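In full-length UniProt numbering, the protein residues as written are 1 to 658.
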């Protein structure tokens, strides 16, 4: 702007105008002397005023610019030295070469020149990296500063944002949180009580929950016999997390003294400013807890992040034969409306997955609909391979076992896809079948995780059941009566129950024995099951080599592992964990070993004192309170063990998260 102005471009048109007016005087004078003289005088006067005005304007503007430049320079220096913004100039070794007075006064130094930048705060070290973010936050004393780094100039600007961060903290701490509280087994217990006992139980539960709410400043309102609404904020929620939601233990212990043994399931919606969304998150969290067996807290956020607390007790058997009959009839209707039924379990299927699949296929046959079982014959452990060899010896049954590719070609819009022994889409044998199927049913006995198959027509999940084969056996009893189960079908299903219950020693209820009795009456061969489950000497020694590496990690917790580069089957890893659990002084066992597909497997077992499910969920897996597993994408066994130990420690100190 200054250079353009100093060229005085307005003089060019004035000069041209002067020449034109001078040229005009000549012809006017020749035409009329008096007219030429008059024009010459007027033109000269006008041009004199114009040239004088231009010169005056230039001079005044020049003075104004000089004055403004001086003031701007003075203000700039004043801002540089006096404004409450920290400025640091450093050299290549991050030694301070210059700092403005505000920065010096702030840190109470006589001078900052020559001081090491990292000596002021280690937070500055992050900016020494080549790909460092030019903006961030550092701590100096008890204050927080936003930093803007100019690498080319080796310059740092610091803005005090302490009050801003405090306001943000207060805002987030005061955001509303909604909780839905359900007394899990109230209806079942209250149905057999007299009015006086029921009133006393109601009063006890209400008092415990209200006292808990009053202690933490939570508004609690009971709106039905077994449900409460809780309104709190984020800061209160953090306090509850620190105390690990001890209301769960208080309800369980106090009601147990009254011979009632009630438990609570709590769904909490957090981290949202929308009340309708908080309500949906709370209800979704409660549904998730109920799908995992109850006696837990699920804190759910809009991002999908979920934290779990509790889950210290085995789920109580709450299903009834009425529900089994209703589910069986609903499944029968879905089967009869389909052109065929395709059954699929999880990857690397075990006896339970195969047995449940065989049962659903038989269910389809009872309804005069063709049923097929999807199986990957290249991914079978030895015991399942022996079972498949038995099935292969019966062509009438084996012809209904198909590969994932064959299933892709068979499936139509009217085909019913039944998923058994898993509810996670990433765990099924062929995930593309889920995307292609129009009608999907899920039958599973695992505690529900956040990952779940969407758009299902029917879901039958009972986390307290011993196995999926047990659930299928009950459903079979209410299907149309026709041909009995074949010996091999009944044997496959009974094998699934026996394997998942460790020969009726874990997670076994009265319904488990009823299902086993039904299968035995249909010809299940227990001798054949023992033959299928036999192992060779090499497998026994392989398992012994893993057990030999056992180490204690805390009281009653042991960890064993395989060697890097030596893959072991998932079944063998699980068997090693089961064996360790039978040892004296062991309450929970973890076995870590390479799997054939390249990942590192973790198998976890517990007697119930430690919830191994929440530990494996931290590692991306899941399962039951006493039986769980995970698969890790890590570089070595040692790295996997390190992550496992962190997960165990975090679980012992607080809740689980996924």
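Think of the CB as a built atom: it goes at the ideal place given N, C-alpha and C, for glycine as much as any other residue. As the structure is a computational prediction, the values presented were derived from the model and not from experiment.
Endpoints, beta strand (DSSP E) assigned at residue 265: Counting along the chain, the beta strand (DSSP E) containing residue 265 begins and ends at 264-269.
Inspect the beta-carbon positions of residue 113 and residue 97 and report whether they are closer than 8 Å. Contact: yes.
Please give me, in chain order, every unbroken run of the beta strand (DSSP E) with length at least 3 that falls completely inside the segment 331-380. Runs of beta strand (DSSP E) with 3 or more residues, each lying fully within the segment 331-380, are found at 340-344, 370-374, listed in chain order.
Would you give the residue range spanned by the beta strand (DSSP E) that residue 150 belongs to? Boundaries of the beta strand (DSSP E) harbouring residue 150: 143-150, taken from the DSSP string.
Pairwise C-alpha distance: residue 161 and residue 657: Its pLDDT being 49, under 50, residue 657 is placed unreliably by the model, and the measurement read from it follows with that caveat. When the Cα atoms are used, residue 657 and residue 161 turn out to be separated by approximately 31 Å.
When you compare the CB of residue 369 with every CB in chain D, is at least one pair closer than 8 Å? As a matter of chain content, chain D is missing from the structure shown, which is built from one protein chain.
Between which two residues does the alpha helix (DSSP H) carrying residue 105 extend? Annotation for residue 105: the continuous alpha helix (DSSP H) segment containing it runs 101-106.
Is it buried or exposed for residue 527, if we count other Cβ within 10 angstroms and need 16 for buried? By the neighbour-count rule (16 or more Cβ atoms within 10 Å), residue 527 is not buried but exposed.
Given a threshold of 16 other Cβ atoms within 10 Å of its Cβ, counted over all protein chains shown, does residue 1 qualify as buried or as exposed? Unreliable placement is indicated for residue 1, whose pLDDT of 47 sits below 50; the coordinate value is still reported in the next sentence. By the neighbour-count definition (other C-beta atoms within 10 Å, threshold 16), residue 1 is an exposed residue.
For residue 334, which of 300, 417, 225, 252 has the nearest alpha-carbon? With distances taken between Cα atoms, residue 334 lies closest to 417.
The alpha helix (DSSP H) spanning residue 578 covers which residue range? That run of the alpha helix (DSSP H) goes 570-581.
Going by CA-CA distance only, name the one from 349, 131, 441 that's closest to residue 570. Considering only alpha carbons, the answer is 349.
With distances taken between CB atoms, is the gap from residue 498 to residue 468 smaller than 8 Å? One thing to note: residue 498 has its Cβ no nearer than 8 Å to the Cβ of residue 468.
I'd like the list of long-range same chain contacts for residue 623, defined as Cβ closer than 8 Å, with 5 residues on each side in sequence excluded. So the list reads 446, 447, 604, 612, 613, 616, 629, once near-sequence residues are dropped.
Between the segment 481-501 and the segment 514-526, can you find at least three pairs of beta-carbon atoms closer than 8 Å? Under the three-pair Cβ rule at 8 Å, the segment 514-526 counts as touching the segment 481-501.
Can you give the beta carbon distance from residue 591 to residue 560, rounded, assuming they're within the 8 Å contact cut? With a contact defined as Cβ atoms closer than 8 Å, residue 591 and residue 560 qualify at about 5 Å.
Pair within 8 Å by beta-carbon distance, residue 421 and residue 466: Not a contact, by the Cβ cut-off of 8 Å.
DSSP three-state assignment for residue 561, whether helix, strand or coil: Three-state result, residue 561: strand.
Helix, strand or coil for residue 158? Go by DSSP, reduced to three states. Looking at residue 158 - three-state DSSP - the assignment turns out to be strand.
For residue 479, the three-state DSSP class (helix, strand or coil): It is coil, neither helix nor strand.
Are the beta-carbon atoms of residue 281 and residue 307 separated by less than 8 Å? The answer is no: Cβ separation not under 8 Å.
Where does residue 124 land, buried or exposed, given buried means 16+ other C-beta within 10 angstroms? Looking at its Cβ environment, which holds 16 or more other Cβ atoms inside 10 Å, residue 124 is buried.
Mapping DSSP to helix, strand and coil, what is residue 464? Looking at residue 464 - three-state DSSP - the assignment turns out to be coil, as it is neither helix nor strand.
For residue 172, count the other beta carbons within 10 Å of its own beta carbon; 16 or more makes it buried, fewer makes it exposed. Which is it? By the neighbour-count rule (16 or more Cβ atoms within 10 Å), residue 172 is not buried but exposed.
DSSP three-state call for residue 234: helix, strand or coil? The answer is helix: DSSP assigns residue 234 an H, G or I state.
Would you decide whether residue 223 is buried or exposed? Buried here means 16 or more other CB atoms lie within 10 Å of its CB. Under a 10 Å Cβ-count criterion, residue 223 is classified as exposed, with fewer than 16 other Cβ atoms of the shown protein chains found around its own Cβ.
Buried or exposed: residue 484, going by 16 or more other Cβ atoms within 10 Å of its Cβ? Exposed, since its Cβ has fewer than 16 Cβ neighbours within 10 Å.
Give a yes or no on contact between the segment 527-547 and the segment 567-586, applying the rule of three or more CB pairs nearer than 8 Å. The segment 527-547 is in contact with the segment 567-586.
Leaving out five residues on either side along the sequence, give the residues of the same chain with a beta carbon under 6 Å from the beta carbon of residue 460. Taken in chain order, the residues that qualify are 327, 443.
Endpoints, beta strand (DSSP E) assigned at residue 593: Residues 588-594.
Extent of the continuous beta strand (DSSP E) run through residue 135: For residue 135, the enclosing beta strand (DSSP E) has its first and last residue at 135-140.
Would you mind listing the alpha helix (DSSP H) stretches within the segment 400-462 that are 4+ residues and don't spill past its ends, in chain order? Within the segment 400-462, the runs of alpha helix (DSSP H) that reach at least 4 residues and sit entirely inside it are, in chain order, 404-410, 431-436.
Output yes or no for whether 8 Å exceeds the beta carbon distance between residue 89 and residue 155. It is a contact, given that the beta carbons lie within the stated cut-off.
On the DSSP bridge assignment, give the partners of residue 606 in chain order. In the DSSP output, where bridge partners are listed per residue, residue 606 has 588.
From the DSSP output, in three-state form, read off residue 307 for me. Collapsing the DSSP output to three states places residue 307 in a strand.
CA-to-CA distance, residue 10 to residue 27, given in whole angstroms: Distance between residue 27 and residue 10, taken at the CA atoms: about 28 Å.
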